[in-house]
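Participant:
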Amino acid sequence: MTEQPHIALPTVNDQVPATGVKEWAFGARTLLDGFHRKMTILDREKEGVDLLMKRLSRLEFSIVSGTSEGSARGAFVEWVEENDAGGWAYYLAKKAEVEREQAEEQAKRRHEMIIASAREEAVNLRRKYPGGKGTAVGTVIVGLADTVTGKTYTGTSGAYAYADKQHAVMEELLAGVPEVESWPVNACAEVEAMNKLLIARKITKKSEIQAGTLYFHAETWNSRDGKWQARSACKNCDVWLKKIGACRI
Ligand SMILES: [Zn+2]
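So the sequence shown is residues 198 to 446, counted in the numbering used here.
#1: Rounding to the nearest angstrom, what Cα-Cα distance links H203 and G352 in this structure?
#2: With 16 other CB atoms within 10 Å as the buried threshold, where does T349 fall?
#3: In angstroms with no decimal places, state the Cα-to-Cα distance between I406 and T417.
#4: Please go through the same chain and pick out, in chain order, the residues whose beta-carbon is closer than 7 angstroms to the beta-carbon of Y287, but skip the five residues on each side of it.
#5: To the nearest angstrom, how far is the alpha carbon of V320 from that of T344?
#6: Alpha carbon to alpha carbon, how far is Q303 from L282? Give it in angstroms, no decimals.
#7: I think V339 touches F413, with their Cβ atoms under 8 angstroms apart; what is that distance to the nearest whole Å?
#8: I think F232 touches E257, with their Cβ atoms under 8 angstroms apart; what is that distance to the nearest whole Å?
#9: Identify the continuous beta strand (DSSP E) that holds D422 and give its terminal residues.
#10: By alpha-carbon positions, which one of K424, M391, Y359 and S420 ends up nearest to K440?
#11: Kindly indicate which three-state DSSP category S347 falls into: helix, strand or coil?
#12: So, are the CB atoms of K403 and L370 less than 8 angstroms apart?
#13: Have a look at C431 and G423 and give me their C-alpha separation to the nearest angstrom.
#14: Using a Cβ-based criterion (distance less than 7 angstroms to any ligand heavy atom), does E387 qualify as near ligand 1?
#15: For A342, is the classification buried or exposed, using 16 other Cβ atoms within 10 angstroms of its Cβ as the cut-off for buried?
#16: Please classify R428: does DSSP put it in a helix, a strand, or coil?
#17: What does the alpha-carbon distance come out to for the pair R398 and S354?
#18: Using 8 angstroms as the threshold, is the region 371-379 in touch with the region 297-311, meaning 3 or more CB pairs across them?
Here it is in structure tokens:
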């Protein structure tokens, strides 16, 4: 075995898997094909990509025809090292590009799922009260999703006043909020949910809350129709939600 230099760039041999070579070759060729179709004669990489795709195809074929995976792979690696005309670097760059896009897409989906969980939490909780508001629950039920931690919290109207702890930052957020609606500013379900989050995350000051990371969904009891329904913003809460850049869904 030859000794590796201290800072070694990955070799072609490192970049081709030791097993599942046929499947890998098919995947690499498919990836290249997607870009190759859009290439014209003016693309300087086109010829190199052409050659590499043919060689990948040959690699697949040789394994299908009975050549051992190890020797087919060895021949391919040798070919890239000696005869590649730029296709390999192109492949690596495009593979990284595709993987980056996939990771971004996955992060975006995760983010959307967390946001949606605010609604799910509120709906799950209000399902426990099919008879609507009463002694057990207030008029409004809220789900709160935190995209920083992925955690969710619930709150019900009227509960904050009876909470074990009223977080100092919650009190700070409510200070100076004008009572625009016909109920006290601390009576809302949003307040209880936010209080739980502040306690759980051990927040010490308002500035620790990043804008655009908290999502609230509210369900309210409609006495006239006798059912829970999604509710839009309460004007009291809007004031302090704005202070921390929280959103509603
Ligand atoms: Zn409110």
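We put the beta carbon where it would ideally sit given N, CA and C, even for glycine. Computed from a predicted structure; not experimentally measured.
Facilitator: On the basis of the supplied data:
#1: 56 angstroms
#2: buried
#3: 26 angstroms
#4: E242, G245 and V246
#5: 19 angstroms
#6: According to the sequence displayed, residue 282 carries Ala and not Leu. Cα-Cα distance, rounded: 34 angstroms.
#7: 6 angstroms
#8: That belief does not hold up - the Cβ atoms of F232 and E257 are roughly 19 angstroms apart, past 8 angstroms.
#9: Per DSSP, D422 belongs to no beta strand (DSSP E) and is neither H nor E.
#10: M391
#11: Before going further, note that residue 347 is Gly rather than Ser in the sequence given. Looking at G347 - three-state DSSP - the assignment turns out to be coil, as it is neither helix nor strand.
#12: yes
#13: 20 angstroms
#14: yes
#15: buried
#16: strand
#17: 22 angstroms
#18: no
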